[in-house]
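Comments concern the structure below.
Protein chains: 2
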Amino acid sequence: MSEELSGNVLVAQSGGPTTVINASLAGVVTEALNHGCIEEIYGGLNGIQGILTEDLVDLAEESQQVIRGLRYTPAAALGTCRYKVKRSEDFDRILEVFKAHNIRYFFYIGGNDSQDTADQISKLAQERNYELRVIGIPKTVDNDLPVTDHCPGYGSVVKYISTTIKEMALDHEAVGQHDFVSIVEVMGRNAGWIAAGATMAKRRNQPEDPPHIILLPEIAFDSERFLYLVQESLKKNRYCMVVVGEGLVDTDGNYVAAASQADSFGHAPLGGAAEYLRQLVEQRLGGVRVRANKLGIAQRSAAHCSSQADNDEAYMCGVAAVEAAIAGESDKMVTLVRTESEQYGCETGLTPLSGIANQVKPLPATWINEDGVSLSFQFHKYASPLIQGEVEVPFENGIPEFVTISGNQIAKELAPYQLG
Amino acid sequence: MSEELSGNVLVAQSGGPTTVINASLAGVVTEALNHGCIEEIYGGLNGIQGILTEDLVDLAEESQQVIRGLRYTPAAALGTCRYKVKRSEDFDRILEVFKAHNIRYFFYIGGNDSQDTADQISKLAQERNYELRVIGIPKTVDNDLPVTDHCPGYGSVVKYISTTIKEMALDHEAVGQHDFVSIVEVMGRNAGWIAAGATMAKRRNQPEDPPHIILLPEIAFDSERFLYLVQESLKKNRYCMVVVGEGLVDTDGNYVAAASQADSFGHAPLGGAAEYLRQLVEQRLGGVRVRANKLGIAQRSAAHCSSQADNDEAYMCGVAAVEAAIAGESDKMVTLVRTESEQYGCETGLTPLSGIANQVKPLPATWINEDGVSLSFQFHKYASPLIQGEVEVPFENGIPEFVTISGNQIAKELAPYQLG
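The listed protein sequences correspond, in order, to chains P and X. Using full-length UniProt numbering, the letters of the first sequence correspond one by one to residues 1 to 420. Using full-length UniProt numbering, the letters of the second sequence correspond one by one to residues 1 to 420.
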């Protein structure tokens, strides 16, 4: 057991929001209140940016209703940033702010860039003999953080996309149209985790179940083969549902969606991978009707269709981060560990931050079927537990009612700071 | 009171599906079972097309679970069609099929094309002295049928779109990005009812609430004014959320999305109004990041986020259609009638089919604010009751579980028929 460390907590959120990043925040705040050695609980506005500019708010002052409401409120209640801390004066400043507000516990909820930042802050504090415990909390819809079995945020986006695909497929079947191709573009610039997740819409994991073709960034796009598969599906199913990850690349490793940027006529770039495929099918397959959907940011903010399992795990990560720090851990990220047994179970673990930073976990190649456009039963087994249960979101007047923090700002102690 | 008419019921669905067209079907079947004069309850597969080809199924044989499940199953359980009955031999055939199966009650759930077909069938039966009662049941997400206060299907699409916009806006605010424009394309080729509905996402109907700009097909698109409004919104709100109806037209009345079809380089047409606007903003406003979403068919099939009020009314229309026919009415469409009082109430009425066919109800001009990109409180008052309540959809293994009819086909009595 380590010695008790008295002082204040600072928690911040970073990167692209998810539907459960606020659940992790709620976990941190709720657990922090359980420990006498923690004096104040501060939130940094807009991630590291607000820490640099000393924009801190008092989270202990927030009402219980608000902290409870964070459990189902999407996006990021504290705001996030994509500010990349690189300059040494930035790190000096962060430590100055920490000292000025007696921050002894720092929790950073984010993806791998954020974990890298947390790692560097932790190492600097050690170097300067400033006692600080730093714990990272994973979050990303992309599910591409290493070590952790999966990332909070991923299960919910898979649930939303699968639900949407299943509903759309019923519509396509009802209309009963011959030669109709429906293309849905989902997120995932570097890995196909999200696109792969759409396979959960399949009723029995059979090829004839929609979605019929899943295009992953992991498999170089071959237009001839794609058009062949579309035609085969049209023959068998009358319609063809295609899911495409936004990061689909050609054999040269270039994004297909960027293809028209090279267009010598100076046309604006295409609107994405789905739009590219729509044009391709329309131009190459006569008499085929094509519709493209682009779910965009809707998919990562759809709290109304988010996964209870994902939400619970995100909250659990927040709680585990505080427990670990209190127990003397530092410079670690919380991980989700799948327990080995017949039934799915999930516990938290810890891993050094240095092993997370700038690493990416690819979709295992063995989980992609030989056809390159569908997923194996191993993927189904992996993803199924992550989408279980429905988060209950309160509706008021017909639309969801979310919470916002009142965000009472802490008095600034330092001179203003110029962001780089 | 009219004389009791003994015979069989035929019900069919037509046009683009909605999340509640099956609720109307459930209403017809459930109410039909209450009346002794009704002998059999048949469903026509794929709308009028299946009636022509004598593809009828026995709906009384379906389990209670399935009929109950239709209340929350999107799309159209019987299938729909867009087959336009025009030829006189088609009408002759329909009557032949009706006679062969002793159909005395015909219920057609659909938009104005379908009501036109129903009207013609009704008139032909009268002319030929075949006793038949024909009642149309309204359905369309477009909300553009005349006479009826609103159309089953509309409230649910508004609920889904408003929910999505509200969730996306939280994401945009959390990221806190300057100069970010988010464009969401929604359905509505001829009228702005759906795009207008996105205003329900506004918390207090204030201009600074997202969506900031609603582009309606009713207002000719002026790109200079649009770019000005985007810039104003960016100044005030840091980001700008635009909702655009797919049917946005320029001052010449041409779809903006079709603009590039005139492109002399032979490029494929643009992917829609949102994509058009995305390119416009990117080309004209420097340093602005733009993202486009196209919800497409997802919006009309999103049972997981559908309106209980809408669903109840759709069911009620099915019940009312049977009651009216039993009472001797024919050649009418069921309407929804808003009761005049402080609190919203809704009853059903009847209107001649001939007054529905090929008529379109425009969004009242007085409900569009002078700025042309926002809606008045009258619209809010109109739409608010239609999105109340959340339909509970059962989930199994993390995704919605819907029903399908087993569809036991009735033996064919006639020779095959060649569709025109």
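Cβ atoms here follow ideal geometry from the backbone N, Cα and C, with glycine treated the same way.
The C-alpha of Arg82 of chain P is placed about 14 Å away from the C-alpha of Asp90 of chain P. The beta carbon of Arg238 of chain X lies closer than 6 Å to those of His178 in the same chain, with the five residues before and after it left out. Within the region 72–153 of chain X, the complete alpha helix (DSSP H) segments of 4 residues or longer fall at 88–100 and 112–127, listed in chain order. Close partners of Leu170 of chain P in chain X (Cβ separation under 7 Å): Pro74, Ala75, Ser301 and Phe402. Residues of the region 280–301 of chain P with a C-beta less than 8 Å from any C-beta of chain X: Glu282, Gln283, Arg291, Ala292, Asn293, Lys294, Leu295, Gly296, Ile297, Ala298, Arg300 and Ser301, listed in chain order. Around Leu386 of chain X, the same chain offers His150, Tyr154, Gly155, Val158, Ser307, Ala309 and Asp310 as residues with beta carbons nearer than 7 Å, after the five sequence neighbours per side are excluded. Nearest CB-CB separation between Ala198 of chain X and chain P: not below the 8 Å threshold.
Around Ser182 of chain P, the beta-carbon contacts reaching into chain X at under 9 Å are Gly296 and Ile297. Taking the CA atoms as reference points, Asp222 of chain P sits about 7 Å from Asp250 of chain P.
Against chain P, a Cβ distance below 8 Å from Gly176 of chain X picks out Asn46, Gly79, Thr80 and Cys81. At a cut-off of 8 Å between C-beta atoms, Ile387 of chain X counts as an interface residue with respect to chain P. Ala273 of chain P and Glu185 of chain P do touch by the CB rule: their CB atoms are close to 5 Å apart, below 8 Å. From the listed residues P:Glu54, P:Thr80, P:Glu31 and P:Ala23, the smallest Cα separation to Gly15 of chain P is found for P:Thr80.
For the region 148–161 of chain P, residues whose beta-carbon sits nearer than 7 Å to a beta-carbon of chain X comprise Lys159. In this structure, DSSP gives Met168 of chain X a helical state, which the three-state scheme calls helix.
Taking 8 Å as the threshold, the shortest C-beta distance from Ile67 of chain X to chain P does not fall below it.
The beta carbons of Ile194 of chain P and Ile161 of chain P sit closer together than 8 Å.
Residue P:Phe180 holds the alpha-carbon nearest to the alpha-carbon of Val288 of chain P among P:Phe180, P:Tyr382, P:Ala324 and P:Ser233. Counting only Cβ-Cβ distances below 7 Å, Ala201 of chain P has contacts in chain X at Ile399, in chain order. Residues of the region 14–32 of chain X with a Cβ closer than 7 Å to any Cβ of chain P, in chain order: Pro17. By the rule that beta-carbons nearer than 8 Å mark a contact, Cys305 of chain P touches chain X.
For Gly69 of chain X, the enclosing alpha helix (DSSP H) stretches over residues Gln64 to Gly69. One alpha carbon belongs to Gly420 of chain P, the other to Leu215 of chain P, and they sit about 39 Å apart.
In summary, Phe379 of chain P is buried, with 16 or more beta-carbon neighbours lying within 10 Å of its beta-carbon over all protein chains present. Listed as beta-bridge partners of Gly7 of chain X by DSSP are X:Ile38. Rounded to whole angstroms, Asn46 of chain P and Asn22 of chain P show a C-alpha spacing of 13 Å. Closest by C-alpha distance to Pro362 of chain P, out of P:Ala191, P:Lys123 and P:Thr73, is P:Ala191. In the DSSP annotation of this structure, Gly318 of chain X is not part of any beta strand (DSSP E); the continuous alpha helix (DSSP H) holding it starts and ends at Gln308 to Ile326. Shown here, Val337 of chain X sits in a strand according to DSSP, grouped into three states. For Phe395 of chain X, the closest Cβ of chain P is nearer than 8 Å. Inter-segment contact for the region 104–123 of chain X and the region 323–342 of chain X is present: three or more beta-carbon pairs are separated by less than 8 Å. Residues of chain X whose Cβ lies closer than 9 Å to the Cβ of Ser384 of chain P are, in chain order, Asn397 and Gly398. Listed in chain order, the alpha helix (DSSP H) runs fully inside the region 370–415 of chain P are 377–383, counting runs of at least 4 residues. Residues of chain P whose Cβ lies closer than 7 Å to the Cβ of Lys166 of chain X are, in chain order, Ile399 and Pro400.
By the criterion of a C-beta distance shorter than 8 Å, Ser376 of chain P is surrounded in its chain by Thr366, Trp367, Ile368 and Asn369, once the five residues flanking it on both sides are discounted. Interface flag for Glu173 of chain P against chain X is set, since a Cβ pair is found closer than 8 Å.
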